[in-house]
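Numbers in our numbering are just positions in the sequence shown, counted from 1, shifted up by 1135.
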Amino acid sequence: MSELSRLALIHHTDKRDHGYTRIYEQYLEPIRTQIRNVVEIGVNAGGSLHMWREYLPQARIWGIDINPECKYYEYKNVNVFTGSQTDEAFLSKCCDEIGSPIDMILDDGSHVNKFTIKSFHALFPRLKPKGIYIIEDLGCSYSKIDSVENCREVWPGMKLNGPENMDNNRVDMDEFFKKIITGIDAESNNIASIHFWKWCVIILKGDAK
Ligand SMILES: C[S@@+](CC[C@H](N)C(=O)[O-])C[C@H]1O[C@@H](n2cnc3c(N)ncnc32)[C@H](O)[C@@H]1O
1136 MSELSRLALI HHTDKRDHGY TRIYEQYLEP IRTQIRNVVE IGVNAGGSLH MWREYLPQAR
1196 IWGIDINPEC KYYEYKNVNV FTGSQTDEAF LSKCCDEIGS PIDMILDDGS HVNKFTIKSF
1256 HALFPRLKPK GIYIIEDLGC SYSKIDSVEN CREVWPGMKL NGPENMDNNR VDMDEFFKKI
1316 ITGIDAESNN IASIHFWKWC VIILKGDAK
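Okay, here's the thing in structure tokens:
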């Protein structure tokens, strides 16, 4: 078993079960010791943050979650910010606090399409050149979000989003991806490529500052 998959298993995140760890290693293994700052939206029980903490020896790991109880999972070089991925001012404050360039941002938060898109627009500009932006669990973007794995019970923070936000409209994601695909290489976008994998997408930033 690969190292990242082993750590996912130990720390009880489902990133191995979904096949993500195998995918991520293809990007991360060659730069593993160079990564300094990772932001993950969606902390839940802290499993993935602690997986990253062990896998990336030089990195600070920054979690973002709407559920204040997630602060409990702070430990050593793992920090957790409390707030919503829809709050641009809050996200900007988090990045200011992080201070230095962000190597990788991963959205495993609400999986509400319009929230995912809002966070991308707020955070992608804060990613360093050639940085990695990952959006997980794209299967959710086809469904009414509270029908997915009973997520309003399994992830307590979901209740803080309000029931009016639970309807996902696939068209939102299609439009979002269309803009990225048609804008690749455009100077204003600074997106180098977009890679679709099973259940997740990886967007690589260009090398412009
Ligand atoms: C799938 S769980 C995260 C799992 C974790 N990344 C792991 O792999 O161990 C989703 C998390 O997103 C959080 N969340 C839901 N809505 C959010 C929002 N609007 N902003 C930030 N976090 C949110 C939930 O509280 C929950 O903890």
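The C-beta atom is built at its ideal place from N, Cα and C for all residues, glycine as well.
Please read these numbers as outputs of a predicted model, since none were measured by experiment.
By DSSP, does residue i sit in helix, in strand, or in coil?
{"i": "R1195", "result": "strand"}
{"i": "H1330", "result": "strand"}
{"i": "D1200", "result": "strand"}
{"i": "G1266", "result": "strand"}
{"i": "N1214", "result": "strand"}
{"i": "K1150", "result": "coil"}
{"i": "N1285", "result": "coil"}
{"i": "N1172", "result": "strand"}
{"i": "K1279", "result": "coil"}
{"i": "D1302", "result": "coil"}
{"i": "D1307", "result": "helix"}
{"i": "M1136", "result": "coil"}
{"i": "D1238", "result": "strand"}
{"i": "I1338", "result": "strand"}
{"i": "E1322", "result": "coil"}
{"i": "E1189", "result": "helix"}
{"i": "G1297", "result": "coil"}
Use the C-beta contact count for residue i: other C-beta atoms within 10 angstroms, 16 or more gives buried, fewer gives exposed.
{"i": "E1079", "result": "A query on residue 1079 cannot be resolved here, the shown segment of the chain reaching from 1136 to 1344 and no further."}
{"i": "H1146", "result": "buried"}
{"i": "D1309", "result": "exposed"}
{"i": "G1234", "result": "exposed"}
{"i": "R1151", "result": "buried"}
Comparing C-alpha positions only, which one of the options sits nearest to residue i?
{"i": "I1329", "options": "S1323, A1321, E1322 and K1340", "result": "K1340"}
{"i": "N1325", "options": "I1316, F1331 and K1333", "result": "I1316"}
{"i": "A1300", "options": "H1246, G1198, V1173 and N1179", "result": "According to the sequence provided, residue 1300 is Asn. The question's Ala does not apply to it. The candidate whose alpha carbon is nearest that of N1300 is H1246."}
{"i": "G1297", "options": "I1158, Y1162, I1201 and K1314", "result": "I1201"}
{"i": "D1320", "options": "V1336, I1269, K1265 and V1289", "result": "K1265"}
{"i": "F1331", "options": "S1323, K1313 and A1343", "result": "K1313"}
With distances taken between CB atoms, is the gap from residue i to residue j smaller than 9 Å?
{"i": "E1175", "j": "W1187", "result": "yes"}
{"i": "T1217", "j": "Q1193", "result": "no"}
{"i": "V1283", "j": "G1274", "result": "yes"}
{"i": "L1241", "j": "S1278", "result": "no"}
{"i": "S1276", "j": "A1257", "result": "no"}
{"i": "Y1190", "j": "L1142", "result": "yes"}
{"i": "K1294", "j": "H1153", "result": "no"}
{"i": "D1307", "j": "N1248", "result": "yes"}
Answer yes or no: the CB of residue i versus the heavy atoms of ligand 3, is any distance below 8 Å?
{"i": "A1180", "result": "Annotation note on ligand 3: not contained in the displayed structure, which lists ligand 1 as its ligands."}
Compare the C-beta of residue i with all C-beta atoms of chain C and state if any pair is closer than 9 Å.
{"i": "K1314", "result": "The structure shown contains no chain C; it is built from a single protein chain."}
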